[in-house]
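Presented below is the structure to which this report refers.
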Amino acid sequence: MNFSEVFKLSGLLCKFSPDGKYLASCVQYRLVVRDVNTLQILQLYTCLDQIQHIEWSADSLFILCAMYKRGLVQVWSLEQPEWHCRIDEGSAGLVASCWSPDGRHILNTTEFHLRITVWSLCTKSVSYIKYPKACQQGITFTRDGRYMALAERRDCKDYVSVFVCSDWQLLRHFDTDTQDLAGIEWAPNGCVLAVWDTCLEYKVLLYSLDGRLLSAYCAYEWSLGIKSVAWSPSSQFLAVGSYDGKVRILNHVTWKMITDFEHPATITNPKIVVYKEAEKSPRLALGSLAFPPPRAAAGPLASTESKYEIASVPVALQTLKPVADRANPKIGIGALAFSPDSYFLATRNDNVPNAIWIWDIQKLRLFVVLEQLSPVRSFQWDPQQPRLAICTGGSKVYLWSPAGCVSVQVPGEGEHCPLGGTLANERLSADTHHGSFGALSGT
Amino acid sequence: MLLFCVCCLIRCLRRRVAAAGLSVPLLNWPSGILALASAMGDWMTVTDPGLSSESKNISQNTSETKMSPSSLYSQQVLCSSIPLSKNVHSFFSAFCTEQNIEQSISYLDQELTTFGFPSLYEESKGKETKRELNIVAVLNCMNELLILQRKNLLAQENVETQNLKLGSDMDHLQSCYAKLKEQLETSRREMIGLQERDRQLQCKNRNLHQLLKNEKDEVQKLQNIIASRATQYNHDMKRKEREYNKLKERLHQLVMNKKDKKIAMEVLNYVGRADGKRGSWRTGKTEARNEDEMYKILLNDYEYRQKQILMENAELKKVLQQMKKEMISLLSPQKQKPRERADDGTGTVLSDVEEDAGELNRESMWDLSCETVREQLTNSIRKQWRILKSHVEKLDNQVSKVHLEGFNDEDVISRQDHEQETEKLELEIQQCKEMIKTQQQLLQQLATACDDDTTSLLRDCYLLEEKERLKEEWSLFKEQKKNFEKERRSFTEAAIRLGLERKAFEEERASWLKQQFLNMTTFDHQNSENVKLFSAFSGSSDRDNLTVHSRPQQKKPHSVSNGSPACTSKLTKSLPASPSTSDFCQTRSCVSEHSSVNVLNISPEESKPNQVGRECTNPKWSVASRPGAREGCYSGCSVTCTNSHVEKDDLP
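Laid out in structure tokens, this is it:
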């Protein structure tokens, strides 16, 4: 694995362009765009204030920089560096900004979720959408970029509006049978919309594009419900992670549960491979001891190397006892993601924070468990191949693939540690088969 | 005659009496006999109180009604247990004396008649005449009495044994009774304990029931509370939301409706749409178009899914068909058998199957919609499945039968053969293992014989490379050894030559001396000079010879024995290993200084390939270590670590 030199970064703002050719990163109020191959700076834009959010347009031609404090959005073009666009939301304020899938419209959410303003870069037209709901995931676009579903709240009832993205015309508007809708998500094929209720109630509703209710699923009552939802890339499965520490897989034909994946704290099945991260004490070479010890050696965190060992079953994983009397208890499936070929599902159980479970979807059973030394912050699949990148907030990046897993020390200063990661699309040129990995510094 | 008869009887009686334990002198009869008879009668009454109550009553009656000396006496006897052992004479004298014979006889007669014996007196012919004592009757009576006595004795014995038996039975029963009583007591106690426990448990149960009820109530209460709270919460939420909405509305009016100058977008120039089209106005038409498109998308999706399902169905049908075909083919050779056995019942089914198979084998059947074929298909499959199942079961039965019969068949490998084979194989494995072990040991010895320091290093993972290098060294060393051998041979040859030369020289000198001597006799003044010259010459030649001889002999073994461990140890220790080669060169040059020139010519040529080989191995190491250093994997690290170790060793 090769590493570039360390780039300065602020606010963990670092994004690969959707076509995988460019890398945008922010340093205070400056936006730097680099070429992924050469890592040379292509463009350098200066914004009006400290950037809080950046987003590439889907065609990788524009970058949006949001400055929420000022209620400002600035858009830059990669083709024409002199082109600029500034959107001021004025006194209404700004809490969220995103691109429409065509890359020519910007959706700004005002403060208090009063409305969503749709600014067009093509025409002078401005559209407003009232009553957007402030929730976990209130806006979702279909993968082909044709339709947008938006969660709304009017008169203490939840509604979903489906818009046509090309002219922002309302296509369907229907109320959902939810108490307090928490999120919506289109299936990758763009024909089914999954709607789930707040964590107080376990409820998943599946709507067709034309607003018909296809199915409703409820696993249990009177307990904390859904924590995370993910569609498989083939639209065949809907994985629902809940507070009871289970992932339930629904199928796309009957919308019934096929199987549920429990996350036990002890693994007894000898078929399951358990990779355990083990610390390796650094071997001090006598000859290489320099008198003022180098900085890397001074920090104990940076100097320890780690490797994976295959633990023999039964393995007891470290569990966290959740605090019962607090809101948002650390239990349940907090994160789950399908691999791009939808063969694998990676999950994290929040009361076993050090472990990642990887499930074989073809056989519908547990495949691999990775146990890290520290809690898993985030994980992401390689968009091109079944490969999972994991980071735990230390100075290491962990990669898993069906062939095995590896722990990689990220070179850099002692205080440098990755907090989140983004995997770029693999470039189409065949010279390298590795997707680039951006490690974000916490400094 | 009569006398004789009496005598006989008496003897007989005596014998019986003796047998009965009475030592009555019967000779002085009749008094003796009488005494005996009375004793017998008394004794009978005394010892048999419970034999027959009738007789006892009778005897008592008689003894009481008729006050007689014998009755008195019998009273006496009753008091003094068994008086028979006492003085019999005095006893008899007390009952029957010379004076009261008549009375005694009459008394006895009376007594006996009351007991039902015949009278002791002869039948009186006349009333007045005195009745005569009938001896025969007496003796008969006596005999009767004795028999009676014996019977009584036997009965007594029986009774006694019975008594004993009954007594022991009684004891046994008593003990049993005691035991049972105890048992009863303990069980009663146990029962009480159990009852107590039962009571306690019931009490507990009642408490638990109460608790459960309380808990249930509590749960109910809590549920109610939860429900009420939920409703309250929802109500509150709604209220709050409404307020919030009102506020939002207000805010919206305040913020949005007022012409906010700030809300604006500055664009240098508008960009074209991504699809290159121009935006269109929103009209009813576009709406309809949007709807159309949506339904198109949905339809496409459904069509796609239907296609997929159709494909899946077709595949499944194919599989089904294949399965069916295989089933039929599997079952057809077996068809004849059940046919032969008409009572099997499967024959009819099979014929059905055949018909079905004939029908269904037409490919068109499979393309028909499911509804029409479904029943036929499932039925036929079911039938075949049943047949297959029965067949498999039959096979299973056969297999189990075969199992029962055992593996005596010839085509099955016997267990003994198997075991022998495995034993043989195991032995082979053992041998192989041993061989490997010895080989390893030899290798170890080869590697460790040189230096102790190497053992620690040998444990490291690069033993193989070491071995390789050692092998190389070994070949080199062998070559050198060959060279040495050659040198030695040349040396010995040289030595032999020298010896020969010396001999010749000696001879020459001898001849020369002889000549000198002959000359000396003639030239006396030259003599002293010659002697000096001779001594000096001979000494120098000796020394020369010595050095020539000893040097190679000393050097060779020294260099061989010293050089090899030094070089091998150094090689194992250090990777560059240049000192070892230099050592070799030195030793060789050392040797070759004193040896012929041609050896010197060889040595540089030899050392060259050696160095080349070293240069080859060194880059290999660096190549191996580079990826390790880059990736940070531990194999690379171990390499670098061992490298550093080596360096450390070299430092001192």
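The listed protein sequences derive, respectively, from chains A and B.
Number 297 in our numbering belongs to position 297 of the first sequence; there are no gaps in the numbering.
Number 900 in our numbering belongs to position 457 of the second sequence; there are no gaps in the numbering.
The C-beta atom is built at its ideal place from N, Cα and C for all residues, glycine as well.
All of these numbers come straight from a predicted model, not from anything done at the bench.
| Query | Result |
| --- | --- |
| Collapsed DSSP secondary structure at Asn583 (chain B) in the structure displayed | helix |
| First and last residue of the uninterrupted beta strand (DSSP E) at Met148 (chain A) | Tyr147 to Arg154 |
| Beta-carbon proximity list for Ser100 (chain A), same chain, < 8 Å, skipping 5 on both sides | Ile106, Leu107, Val118, Phe141, Gly145, Met148 and Cys165 |
| Alpha carbon of Gln923 (chain B) to alpha carbon of Leu913 (chain B), nearest angstrom | 15 Å |
| Cα-Cα separation, Glu661 (chain B) to Gln653 (chain B) | 12 Å |
| Check whether Phe112 (chain A) and Lys691 (chain B) have beta carbons under 9 Å apart | yes |
| Interface residues of the region 142-168 of chain A facing chain B [CB-CB below 7 Å] | Cys156, Val164 and Asp167 |
| Span of the alpha helix (DSSP H) around Asn251 (chain A) | From DSSP, Asn251 (chain A) is part of no alpha helix (DSSP H) but of the beta strand (DSSP E) over Lys246 to Asn251. |
| Which listed residue (A:Lys69, A:His84 and A:Gln74) has its alpha carbon closest to that of Val95 (chain A) | A:Lys69 |
| Identified DSSP bridge partners for Ile129 (chain A) | A:Ile116 |
| Residue-level contact to chain A via CB, Asn756 (chain B), 9 Å cutoff | no |
| Cβ-based burial, Cys1059 (chain B) [other Cβ within 10 Å; buried from 16] | The predicted model places Cys1059 (chain B) with a pLDDT of 39, which falls under 50 and marks its position as unreliable, so this point remains unresolved. |
| Identity of the residue in A:Glu185, A:Ser306, A:Gly90 and A:Ala265 nearest Lys396 (chain A) by Cα | A:Ser306 |
| Contact check, Gly71 (chain A) vs Ser91 (chain A), beta carbons under 9 Å | yes |
| Pair within 9 Å by beta-carbon distance, Val36 (chain A) and Leu23 (chain A) | yes |
| CB contact below 9 Å: Leu428 (chain A) versus chain B | In this prediction, Leu428 (chain A) has a pLDDT of 28, which is less than 50 and means its spatial position is unreliable; what the coordinates show is noted afterwards. False, the Cβ-Cβ gap to chain B never drops below 9 Å. |
| Supposed contact pair His263 (chain A) and Trp359 (chain A) - C-beta distance, whole angstroms, cut 8 Å | Not a contact, Cβ separation roughly 10 Å. |
| Close Cβ partners of Ile8 (chain A) (< 7 Å) along its chain, the five nearest in sequence each way excluded | Inspection of the sequence shows that residue 8 (chain A) is occupied by Lys rather than by Ile. Only Val27 meet the Cβ criterion. |
| Backbone secondary structure at Ser17 (chain A) - three-state DSSP | coil |
| Reduced DSSP secondary structure (H/G/I, E/B, other) of Ile706 (chain B) | coil |
| The region 242-252 of chain A in contact with the region 340-353 of chain A per 3-pair CB rule at 8 Å | yes |
| Residue-chain proximity (Ile668 (chain B), chain A), Cβ-Cβ < 9 Å | no |
| Inter-residue spacing [alpha-carbon to alpha-carbon] between Arg153 (chain A) and Pro340 (chain A) | 34 Å |
| Separation of Ser208 (chain A) from Ser17 (chain A), as counted between CA atoms | 31 Å |
| 9 Å Cβ cutoff, His84 (chain A) in contact with chain B | yes |
| Beta carbon of Ser401 (chain A) nearer than 9 Å to that of Ala335 (chain A) | no |
| Asn712 (chain B) versus Trp83 (chain A): straight-line alpha-carbon distance, rounded | 8 Å |
| Option nearest Val192 (chain A) by Cα separation, candidates B:Tyr738, B:Lys689 and B:Arg593 | B:Tyr738 |
| Phe7 (chain A) - DSSP class collapsed to helix/strand/coil | coil |
| Interface flag, Thr674 (chain B) vs chain A, CB-CB below 9 Å | no |
| Coil, strand or helix - Arg716 (chain B) by DSSP | coil |
| is_contact[Thr1060 (chain B), chain A] using C-beta, thresh 9 Å | Here the model assigns Thr1060 (chain B) a pLDDT of 39, short of 50, so the residue's position is not dependable, and the following value carries that caveat. Cβ-Cβ to chain A under 9 Å: no for Thr1060 (chain B). |
| C-beta neighbour in chain A for Gly942 (chain B), strict 9 Å | no |
| DSSP bridge partner residues for Glu174 (chain A) (one or two, in chain order) | The sequence given here has Phe at residue 174 (chain A), not Glu. Paired residue(s): A:Val160. |
| For Leu943 (chain B) and Trp955 (chain B), the rounded distance between their alpha carbons | 18 Å |
| Rounded distance between the beta-carbons of Val352 (chain A) and Leu317 (chain A), thought under 8 Å | 5 Å |
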